[in-house]
Amino acid sequence: MTTIRVGHLYPDYLNIYADRGNIAVLTRRAAWRGHELEVTALGMGDAVVPGAHDLYYVGGGQDREQLLVADDLVRKAEALREAVDAGAAVLAVCGGYQLLGRRYRGFYGDDMPGIGLLPLETVAGERRMIGDVLLECELEPGERRTLAGFENHAGRTRLDPGAEPLGRVLAGFGNDGESGFEGCRAGRVLGTYLHGPLLPRNAWLADWLLAQALAHRLGTDAPPRLEPLADGLERRAQEVSAARARSRGGRYA
Amino acid sequence: MRPHPPLALEIAAARGVAALSRRVGAGGGTTIPGKLLAELDRGAIDRLATRLGAGTAVVSATNGKTTTTAMAAEILRPRYRLAHNAAGANLVSGVASALLTAGDADLGLFEVDEAALPELVERLRPRSVCLGNLFRDQLDRYGELELIAERWRGAAAQLPESSRLVYNADDPQLAAASQGRAGSVAFGLDDPRVARPSLQHAADSKYCVHCGTPYAYAAAYVGHLGDYRCPRGDHARPPLEVAARDVSLHGLDRASFLLDTPDGSRRIELRLPGLYNVYNAVAAAALARSLGAGLDEIVAGLERFSAAFGRFERLAVGEKRILLLLIKNPAGANEAVRTLVDGGQPAVLVVALNDEIADGRDVSWIWDVDFEPLLPGLDRLVASGGRAAELALRFRYGGLGESAIEVEPDLGNALDRGLELTPDGGELVVLPTYTAMLGLQRLLSSRGLAEPYWER
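The listed protein sequences derive, respectively, from chains A and B.
In terms of this note's numbering, the first sequence has 208 at position 208, counting the first letter as 1, and numbering is strictly consecutive.
Whatever position you read off the second sequence (first residue = 1), add 253 for this note's numbering.
So this is what it looks like as structure tokens:
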């Protein structure tokens, strides 16, 4: 049994799209493999200690909550950068994703500093992009997988030239509704607009994250192979969500 | 500008459509005529409203607007002839339809969708506006909660001076929207004994509206509703003019409380369960009082009231019973769960999750609901609706064993399976989202077990 240590950033502020569902999935799927997930809240004023966590999670929030945490997150930036350089994994969703870029200009015109863990910038547009999304991802060479989720954001996220998106948009808007890409990936750091929450219906991604976190914990380069689970319900849920994305896609609001 | 046809002609055309809609079995015809009217001439709504001699009153809230409005109607019926959108058609078109069928009504009493409130306030210029609560709900449809709160603040600021703003002071956002407005009426709950031990996970407006500091709660009742105070002294719950005190909850059967008003205090015995219905009742009392109802009328009306359509319903099926409780967002579903647990843990549960526009296409909210208190007594979950598998995952990752979960997307099959698992003399608890509830109503009605909603 290995204890996987998760640092959950601002759970009191960034939790709008049922982010705790993602944590619940990581916890159970670790437990079903005999591992323990130890989740620590990293709130306002709490120090990030590089090496103390194997996986960081940042959830979604409204502009108001993002504004409340943005400055505090900047104070954690250096430690987070150090942790990531040493191999810690990160999953950031929606509002959290935006704050991992260099900056975010919110819907009401507030300029918020980001922490530059991902090579991107975000500016809110006039209309929100809302609806089911379907992506094709290839996090490991040759392993194409689909991700199904729901997006609801005014932010238009532009990746720097050469930056790696999380996936290609098969249906829905993605980062900006134009580029055909969604999310961003830099090594073990993932950012995405997809919630739903993301992990219950995309169990393969939960396992990918757990494997990265285990690699950090065990100090190995190659992530360990996790014992496969039956995942019948997970697949059914993904199929329905994927069908929604294909049949009704997103809308501007 | 396009000239509009005479009002009488528009009304006749729209009424014809309603009759046709019912005849072809397309539903109650509760919004189609209004849609037509709104299409032909939106200003007709303003003119129709001026025909109501005693004016109009509107109720909006994320949760409880149908019940609150129905309770207020029950109180006010002896005093006024009401035009009331009782079937829950609460967009501009639904209100237009209710105005079209108003007949000789003298008071319009309308529940109003949160997003439609600003336009309807502007068109109807209501005598009283009752604001119940704002919770996270259907973020895919409304956008962020802050956006709705901002539009409500705008609507409140636009109200004519003579209008009464009746608001839930336990909701910081609503208290802020009403701050400094003459003629506003604060209502709320005052009984720390029925408070939650802590703020729920899904609590929304928990940071001071002025400075962003987390509120300190002397008591948190439902979601973020409660007795709050900014520790920096920037904002606090205003004094309550109409309050529910000394609350007692009796499981799934009933609730009672002491209604405290400037005219005196009276004990109310509600025939509905749950703290959320106490909120609905005190809101209805404050609203009815602003429209002239006396304390006796309020007590009598609230005690006569049984249930608004589909919110809480019990039906007999042979030797068994079905209990229907609508769920539609975390705050409301948490209250449904609390009420169920207080009334005895169900062993069999049917939960039906749809993702139509009226349910919210984004189903992530089920992960914000605290379903866990139901798990200890639960032998079998039948997950149903278009997103049955997602719902099943919610319970599985919440800790329910896979062998206790059945996935049956079809509502009829799920209901039959649930009844099959329920022993004679037992009660099957069904928690449907909005369109699943409509589907179940149709199903039960086709089996002769419930009346279609437009006949109530």
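Glycine is no exception: its CB is placed at the ideal position from the N, C-alpha and C atoms.
- Per the DSSP secondary-structure output, B:S415 pairs with nothing in a beta bridge.
- Below the 8 Å Cβ cutoff, chain A contributes P200, R201, L233, E234 and A237 as neighbours of B:L646, in chain order.
- A Cβ-Cβ distance of about 35 Å is found for the pair B:A584 and B:G701, leaving them out of contact under the 8 Å criterion.
- Scanning its chain for C-beta atoms nearer than 6 Å, with the 5 sequence neighbours on each side dropped, one finds around A:G101 the residues G114, L118, L120, E121 and T122, in chain order.
- Per the Cβ contact rule, the region 592 to 601 of chain B is not in contact with the region 650 to 668 of chain B (fewer than 3 Cβ pairs under 8 Å).
- The beta carbon of B:L301 lies closer than 6 Å to those of L352 in the same chain, with the five residues before and after it left out.
- Beyond the five residues adjoining it in sequence on each side, A:L14 comes within less than 8 Å, by CB distance, of V58, G59, G60, G61, E65, Q66, V69, G95 and G96 in the same chain, given in chain order.
- Excluding its 5 nearest sequence neighbours in each direction, A:G219 has no C-beta neighbour in its own chain below 7 Å.
- Take B:L672, set aside five residues on each side of it, and the residues of its chain with a beta-carbon closer than 7 Å to its own are V570, K573 and L681, in chain order.
- The beta carbon of A:D176 is closer than 7 Å to those of R156, T157 and R158 in its chain, skipping five residues each way along the sequence.
- In this structure, the beta-carbon distance from B:D621 to A:A18 falls below 7 Å.
- Listed along the chain, the chain B residues whose CB falls inside 9 Å of the CB of A:L117 amount to none; the nearest CB is some 24 Å away.
- The Cβ-Cβ distance between A:G167 and A:C137 falls below 7 Å.
- For the set A:R246, A:L199 and A:A186, the Cα lying nearest the Cα of A:E140 is the one of A:A186.
- About 6 Å separates the Cβ atoms of B:L392 and A:N152, confirming a contact at the 8 Å cut-off.
- Taking a Cβ-Cβ cut-off of 9 Å, the neighbours of A:P197 in chain B comprise S617 and W620, given in sequence order.
- Using a Cβ-Cβ cut-off of 7 Å, B:L387 does not count as an interface residue toward chain A, since no Cβ of chain A sits closer than that to its own.
- For a Cβ distance threshold of 9 Å, nothing in chain B lies close to A:L14: the least Cβ distance comes to about 13 Å.
- Neighbours of B:H454 across chain A, judged by C-beta separation under 8 Å: N15 and R20.
- The Cβ of A:R64 sits closer than 7 Å to at least one Cβ of chain B.
- Under the three-state reduction of DSSP output, B:S509 falls in the strand class.
- By the Cβ neighbour-count rule, A:E38 is exposed, with fewer than 16 other Cβ atoms within 10 Å of its own.
- Contact check for B:A689 and B:E659: beta-carbon distance about 16 Å, past the 8 Å limit, so the pair fails to qualify.
- Using a Cβ-Cβ cut-off of 7 Å, B:Y468 does not count as an interface residue toward chain A, since no Cβ of chain A sits closer than that to its own.
- Apart from the 5 residues on each side of it in sequence, B:D677 sits with its Cβ closer than 7 Å to the Cβ of E572 and K573 in its chain, given in chain order.
- With 16 or more other Cβ atoms from the protein chains shown falling within 10 Å of its own Cβ, B:S617 counts as buried.
- Within chain A, the residues whose beta carbon sits less than 8 Å from that of B:E399 are Q62, D63 and R64, listed in sequence order.
- The beta-carbon distance between B:A428 and B:L452, rounded to whole angstroms, is 17 Å. This is too long to meet the 8 Å contact definition.
- Comparing alpha carbon positions, the residue from B:E372, B:H337, B:G347 and B:E367 closest to B:A355 is B:H337.
- A:V48 and A:L42 have their C-alpha atoms spaced approximately 7 Å apart.
- Residue contact with chain A for B:E367: absent (no Cβ-Cβ distance below 7 Å to any residue of chain A).
- In the three-state scheme derived from DSSP, where H, G and I count as helix and E and B as strand, B:L691 is classed as helix.
- With respect to B:G287, B:S381 sits apart: the two C-beta atoms are not nearer than 7 Å.
- Residues are counted here when their Cβ sits less than 7 Å from a Cβ of chain B; for the region 22 to 55 of chain A these are A24, V25 and R28, given in chain order.
- Contact between the region 363 to 375 of chain B and the region 455 to 467 of chain B is absent: fewer than 3 CB-CB pairs across the two stretches fall below 8 Å.
- B:E327 is positioned such that its CB atom lies no closer than 7 Å to that of B:R524.
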